[in-house]
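> Residue numbers (the numbering used here), protein chains in the order written: chain A, 115 to 385; chain B, 57 to 365; chain C, 1333 to 1535. All residues carry an ideal CB built from backbone N, CA and C; glycine is no exception. Got a structure here, written out as structure tokens. Questions coming.
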Amino acid sequence: MDRRKKSKLISIIIVAIIILVMLLGTLITEDMLSTNFKDKNQFPSFEHPFGTDWLGRDMFLRTVKGLRNSLVIGSLASLISSIIAIIVGGLAGTMPKWVDNIVRIIIDLVMGIPHLILIILISIFVGRGTKGILIGVALTHWVSLARIVRSEVLQVRNEQYIKISRRFGKSNWYIFKNHMIPVVLPQYIIGLVLMFPHAILHEASVTFLGFGLSPETAAIGIILSESMKYLISGMWHLAFFPGLVLVILVLLINKLGENLSLILNPHFTRE
Amino acid sequence: MKQPLLEVKNLSVSFKMKSDDVSLKDNLAINDLSLKAYPGEILTIVGSSGSGKSILAHAILGLLPNNAVVDGEIYYNGKLIDNDLLNYLRGNEITFIPQSISYLDPLMKVGKQVRNCSNKKEIIKKQQAIFKNYDLCENSEKMYPFQLSGGMARRVLISTSVMKDPKLIIADEPTPGLDLESARKTMNYFKALAEQNKAVILITHDIELAINYSDHLAIFYAGHIVELTKAKYFKDGIEHLKHPYTKALYESLPSNGFKPIEGFQPATDNNKGCSFKDRCILKKDICDEIVKVQEYDDEMVKCNYDFRS
Amino acid sequence: MILEAKNIGFRYKNTGYILKNVNFNISSNERVGIVAKSGYGKSTFAKVLSGHVNQTWGDVYIDNKVISKRGFYPVQLIYQHPEKSINPKWKLKKAISENGEIDEMLLDTLGIRNEWLDRYPNELSGGELQRFAIARVITSNTKFIIADEITASLDGITQAQIWHSLMKISEKNDIGIIVITHNKELAKQVCTRIVNLEDINQI
């Protein structure tokens, strides 16, 4: 099977896995996650593939629910971020120089502060919880995508075929839609997909540190931070499986980004 | 009779590509190509842009990518070139002047690059003498590639290639985008190198420049050389040229009538017969099957037509 | 129809004048060559005439009316490198119809083959691409074409083929051509009149 078809297949499989996790996660009810002191502190078994925690809650179900929450927050934050990015990047590339200058200063400012600290600060400022972390992640992740959009637009703007198109009488909208978008879109989509795991990991980290989702929610960050206390007593499964699953998810999404890159970038031949 | 310094015999180069892209079906670039280069002479390979001429230079120097499949033989001074010999010759006795300045390290000053980073006194002196010879001012050795003008960059590339006193120099499109005066200057540098009894192979699409500065011309068409002829024949008149494509090239020049023939150069393929047959006025049925190689001294033509009669 | 440049002056912000008080005209039935030494300003002049660059002062007129920058510009510029003139992500059938459907006869005259239309620019040679670059600027609103070294990187046969087609088109569609080239023999073959920019530029 040649490279392109293989990439398309892998991409479809990964997207299917993600959708599956989100569906399963949504279907898991409070009931299934309820405490059950009879079953507490069990190691992985057939009945409880990831074991149970100190309250007797099934770790597999908690992990899947946690993944689903991370995916949802990650997607929403990424979506908001990407919209900010395309507006900012697009404006910087198409508007007069002074707009670009302002944008560049803002980008440098945001990039100058360590991500995690900035997210925590925003989260606290907005009132913590789900809202806090969503806004925190959304407001910090648009930067690299905006830079991609901006540089692609700036580069295309100076191409000969754009100048020729203008002298054909084409409007700015025509040029944006027909010339710029086909060039910018592939990079944009790939950048978006690669931003996604960043957002998820940051949410998990900030939640782990206690500034994100509230402790009652099933979230990977919460699971991991709480399990730290029990590692000493040998309950390795409380951290291992959730952590492993998070890493696998992030790797899968990265793989998706790689494969999309192969599909979306036209195959350039050499004469 | 002079012995050629470099002889290429029946060279074929193709590229293995895995793809579902239909347009990549023909990955043959050079098909059964032969030529000879003599010391003290300039051989210019003339063909249209993108026809695969650059691949020839890379093939001779052993610089093809990993997916290249190479067939045929290359002889240097009568000896068959294998990888070991090539590694020894390359950069020492055989040097390459590439088309683009991007072959230079953008982060290193050019003087240092030309000296191959050496700091030995004799080598620095040699580099400075060579720069002077090519009209590069003293300051230029401290510049970075991006600071050089087009003409200066060309001369730096040439300087790099003559540092080790090579016997064979291959230049790929030596005058890209240069104005007439700079182009002429560049060609005169090559003439000077030939006068030092070096063999020079140039690859270009600019036939008018080639005619005025070369000794021999190799006419490249659809992946192989269809005629090896003397450059002066182009000035002496069309009767001296043999291959119908060469004649067509001659007649298409603005100073010779500006008369084009119809049709397009086909992609390189290994079909039977002559690749020029669809555009040839001398075509016979046998041209569909085979094509005869006729050699006389330092000339060659791939054609079934009998030129002796 | 007459294209006229009156008192054209051009400089960049921090440099001296490249063009000063240049006056030039060409009518639809002419093919005028513009020659000058390299780097002199021929391409800059071409860009001023075709509206690709704004002159510092002076104006360009067609039949005594200043040419508007809105809509299809009646003076079209063709560059030396067609790979830069066509969007690499467009299939050629899209590129060639950027200005509307192309006349079959025009495709024929320029020697454009049907199977090329389904390809991307990087799959064609320079000569093949240049034919597309030329074809798409020919519309009923095209009055003049400026050819800036359009065949300098092409072999002799392709060069002659393209120029013969272009001369045919210029006569049939009553389009004047300004030919910029350093090849004096080519200028002699193609042009009805030759002007040296150094003679009409008063820098």
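(1) Quick check on Ile1418 (chain C): does DSSP put it in helix, strand or coil?
(2) Identify which residue in C:Asn1431, C:Lys1504, C:Leu1498 has its Cα closest to the Cα of Lys284 (chain A).
(3) Based on Cα-Cα distance, which residue from B:Ala278, B:Gln59, B:Val69 lies nearest to Glu97 (chain B)?
(4) Between the C-alpha atoms of Val297 (chain A) and Leu268 (chain A), what's the straight-line distance to the nearest angstrom?
(5) Whose C-alpha, out of C:Ile1501, C:Gly1383, C:Gln1534, is nearest the C-alpha of Ser279 (chain A)?
(6) Residues of the segment 1397-1409 of chain C in Cβ contact with chain A at a cutoff of 8 Å, in chain order, please.
(7) Quick check on Glu237 (chain B) - is its C-beta less than 8 Å from some C-beta in chain C?
(8) Step through the CB atoms of chain A and report whether any lies within less than 8 Å of the CB of Ser1485 (chain C).
(9) Just how far apart, CA to CA, sit Ser328 (chain A) and Lys154 (chain A)?
(10) Does the beta carbon of Asn1533 (chain C) sit closer than 8 Å to a beta carbon anywhere in chain B?
(11) What does the alpha-carbon distance come out to for the pair Thr1403 (chain C) and Glu273 (chain A)?
(12) Name the residues in the segment 1505-1522 of chain C whose C-beta lies less than 9 Å from a C-beta of chain B; which are they?
(13) For Tyr245 (chain B), which residues in the same chain have their Cβ closer than 7 Å to its Cβ, ignoring the five residues on either side in sequence?
(14) If we count the other Cβ atoms within 10 Å of its Cβ and call it buried at 16 or more, is Val126 (chain B) buried or exposed?
(15) Between Gln1491 (chain C) and Ser311 (chain B), is the Cβ-Cβ spacing less than 8 Å?
(16) In this structure, how does DSSP classify Arg1468 (chain C) when only helix, strand and coil are distinguished?
(17) Reducing DSSP to helix, strand and coil, say where Glu340 (chain A) ends up.
(18) Could you confirm whether any beta carbon from chain B is found closer than 8 Å to the beta carbon of Pro1359 (chain C)?
(19) For Ser121 (chain A), which residues of its own chain have a beta-carbon under 7 Å away from its beta-carbon, when the five flanking residues on both sides are left out?
(20) May I ask you to report which of helix, strand or coil DSSP gives Asn1339 (chain C)?
(21) Classify Asn66 (chain B) as buried or exposed, calling it buried when 16 or more other Cβ atoms lie within 10 Å of its own Cβ.
(22) Against chain B, does Thr1376 (chain C) count as a neighbour if the rule is that its beta carbon must be under 8 Å from one of theirs?
(23) On a Cα-Cα basis, can you pick out the residue from C:Thr1524, C:Asn1533, C:Gly1488, C:Arg1525 that is closest to Phe314 (chain B)?
(24) Which residues of chain B have a Cβ atom closer than 7 Å to the Cβ of Ile1489 (chain C), listed in chain order?
(25) When you compare only the Cα positions, how much space is there between Ile314 (chain A) and His255 (chain A)?
(26) Using a C-beta cutoff of 8 Å, does His1384 (chain C) count as contacting chain A?
(27) Three-state secondary structure (DSSP) at Ile1507 (chain C)?
(28) Can you give me the Cβ contacts of Tyr306 (chain B) inside the same chain, cut-off strictly under 7 Å, excluding the 5 residues immediately before and after it?
(29) If you draw a straight line from the C-alpha of Gly279 (chain B) to the C-alpha of Leu163 (chain B), how long is it?
(30) Residues of chain C with CB under 9 Å from Gly103 (chain B), in chain order?
(31) Got a sec? Which residues, its chain only, sit under 6 Å from Lys13 (chain B) by beta carbon, not counting five neighbours each side?
(32) Can you list, in chain order, the residues of its chain with a C-beta nearer than 6 Å to that of Val78 (chain B)? Leave out the 5 residues immediately preceding and following it.
(33) Any idea what DSSP makes of Ser90 (chain B), helix, strand or coil?
(34) When the Cα atoms are used, what is the spatial distance from Trp1448 (chain C) to Leu190 (chain A)?
(35) Which of the three DSSP states, helix, strand or coil, is assigned to Asp191 (chain B)?
(36) Going by the beta-carbon positions, is the gap between Gly371 (chain A) and Leu308 (chain A) smaller than 8 Å?
Taking the coordinates as given:
(1) By one-based count along the third sequence, residue 1418 (chain C) stands at place 86. Looking at Ile1418 (chain C) - three-state DSSP - the assignment turns out to be coil, as it is neither helix nor strand.
(2) Within the first sequence, numbered from 1, the residue matching residue 284 (chain A) stands at position 170. With distances taken between CA atoms, Lys284 (chain A) lies nearest to C:Asn1431 out of C:Asn1431, C:Lys1504, C:Leu1498.
(3) For the purposes of this step, residue 97 (chain B) is identified with residue 41 of the second sequence, where counting begins at 1. When C-alpha distances from Glu97 (chain B) are compared across B:Ala278, B:Gln59, B:Val69, the shortest belongs to B:Gln59.
(4) Along the first sequence, one-based indexing puts residue 297 (chain A) at 183. Along the first sequence, one-based indexing puts residue 268 (chain A) at 154. Straight-line Cα distance between these residues: approximately 11 Å.
(5) The residue labelled residue 279 (chain A) in the question sits at position 165 within the first sequence. Minimum Cα distance to Ser279 (chain A) is reached at C:Gly1383.
(6) Those residues of the segment 1397-1409 of chain C that come within reach of chain A (Cβ to Cβ, closer than 8 Å) are Arg1402, Gly1403, Phe1404, Tyr1405, Gln1408, Leu1409.
(7) If you number the second sequence from 1, residue 237 (chain B) lands on position 181. When Cβ-Cβ separations below 8 Å define contact, Glu237 (chain B) makes contact with chain C.
(8) Working through the third sequence from its first residue, we reach residue 1485 (chain C) at position 153. By this cut-off, Ser1485 (chain C) is not an interface position.
(9) As a first step, residue 328 (chain A) must be located in the first sequence, where it is residue number 214. As a first step, residue 154 (chain A) must be located in the first sequence, where it is residue number 40. Approximately 23 Å between the Cα atoms of the pair.
(10) Position 201 of the third sequence, counted from the start, is the residue given in the question as residue 1533 (chain C). No, no contact with chain B.
(11) For the purposes of this step, residue 1403 (chain C) is taken as the residue at position 71 of the third sequence. For the purposes of this step, residue 273 (chain A) is taken as the residue at position 159 of the first sequence. The sequence given here has Gly at residue 1403 (chain C), not Thr. The C-alpha of Glu273 (chain A) is placed about 20 Å away from the C-alpha of Gly1403 (chain C).
(12) Against chain B - using a Cβ distance shorter than 9 Å - the residues of the segment 1505-1522 of chain C are His1514, Asn1515, Lys1516, Glu1517, Leu1518, Ala1519, Lys1520, Gln1521, Val1522.
(13) Within the second sequence, numbered from 1, the residue matching residue 245 (chain B) stands at position 189. For Tyr245 (chain B), where only same-chain residues beyond five positions count, the Cβ hits under 7 Å are Tyr190, Ile214.
(14) For this step, residue 126 (chain B) is matched to residue 70 along the second sequence. Exposed: under 16 other Cβ atoms inside 10 Å.
(15) Here residue 1491 (chain C) is taken as the residue at index 159 of the third sequence, counted from 1. Here residue 311 (chain B) is taken as the residue at index 255 of the second sequence, counted from 1. Contact check for Gln1491 (chain C) against Ser311 (chain B) fails: the beta carbons are separated by 8 Å or more.
(16) Walking along the third sequence from the start, residue 1468 (chain C) turns up at place 136. Three-state DSSP puts Arg1468 (chain C) in coil, outside helix and strand.
(17) Mapped onto the first sequence, residue 340 (chain A) falls at position 226. When DSSP states are grouped into helix, strand and coil, Glu340 (chain A) belongs to the helix group.
(18) Numbered from 1 along the third sequence, position 27 holds the residue referred to as residue 1359 (chain C). Sequence check: residue 1359 (chain C) is Ser here, not Pro. Not closer than 8 Å to any Cβ of chain B, the Cβ of Ser1359 (chain C) fails to qualify, so no.
(19) For this step, residue 121 (chain A) is matched to residue 7 along the first sequence. Shown here for Ser121 (chain A): same chain residues with a beta carbon closer than 7 Å to its own, the five before and five after excluded, namely Asn373, Leu376, Ile377 in chain order.
(20) Walking along the third sequence from the start, residue 1339 (chain C) turns up at place 7. Strand, per DSSP.
(21) Position 10 of the second sequence, counted from the start, is the residue given in the question as residue 66 (chain B). Exposed: under 16 other Cβ atoms inside 10 Å.
(22) For the purposes of this step, residue 1376 (chain C) is identified with residue 44 of the third sequence, where counting begins at 1. Among the CB atoms of chain B, none fall inside 8 Å of the CB of Thr1376 (chain C).
(23) Residue 314 (chain B) sits at position 258 when you count from the first residue of the second sequence. That would be C:Gly1488, whose Cα lies nearest to the Cα of Phe314 (chain B).
(24) Working through the third sequence from its first residue, we reach residue 1489 (chain C) at position 157. Going along chain B in sequence order, the residues near Ile1489 (chain C) (Cβ under 7 Å) are Ala304, Leu305, Ser308, Pro316, Ile317.
(25) The residue you call residue 314 (chain A) lines up with position 200 of the first sequence. The residue you call residue 255 (chain A) lines up with position 141 of the first sequence. Distance between the alpha carbons of Ile314 (chain A) and His255 (chain A) is about 11 Å.
(26) As a first step, residue 1384 (chain C) is located in the third sequence; it is residue number 52 there, counting from the start. Yes - at least one Cβ of chain A is within 8 Å of the one on His1384 (chain C).
(27) What you label residue 1507 (chain C) is simply residue 175 of the third sequence in a count that begins at 1. Correct three-state label for Ile1507 (chain C): coil.
(28) Taking the first residue of the second sequence as position 1, residue 306 (chain B) is located at position 250. Here the set comprises Phe290, Ile294, Leu297, Asn312.
(29) In the second sequence, residue 279 (chain B) corresponds to position 223, counting from 1. In the second sequence, residue 163 (chain B) corresponds to position 107, counting from 1. Cα to Cα, Gly279 (chain B) sits roughly 37 Å from Leu163 (chain B).
(30) Here residue 103 (chain B) is taken as the residue at index 47 of the second sequence, counted from 1. The answer, in chain order, is Asp1487.
(31) No statement about residue 13 (chain B) is possible, as the shown extent of chain B runs from 57 to 365 and does not include it.
(32) Your numbering for residue 78 (chain B) matches position 22 in the second sequence. Unreliable placement is indicated for Val78 (chain B), whose pLDDT of 47 sits below 50; the coordinate value is still reported in the next sentence. Beyond the five residues adjoining it in sequence on each side, Val78 (chain B) comes within less than 6 Å, by CB distance, of no other residue in the same chain.
(33) Along the second sequence, one-based indexing puts residue 90 (chain B) at 34. Note: Ser90 (chain B) maps to strand in three-state DSSP.
(34) Residue 1448 (chain C) sits at position 116 when you count from the first residue of the third sequence. Residue 190 (chain A) sits at position 76 when you count from the first residue of the first sequence. C-alpha separation (whole angstroms): 44 Å.
(35) If you number the second sequence from 1, residue 191 (chain B) lands on position 135. DSSP places Asp191 (chain B) in coil when its eight states are reduced to three.
(36) Taking the first residue of the first sequence as position 1, residue 371 (chain A) is located at position 257. Taking the first residue of the first sequence as position 1, residue 308 (chain A) is located at position 194. Yes, the Cβ-Cβ distance between Gly371 (chain A) and Leu308 (chain A) is below 8 Å.
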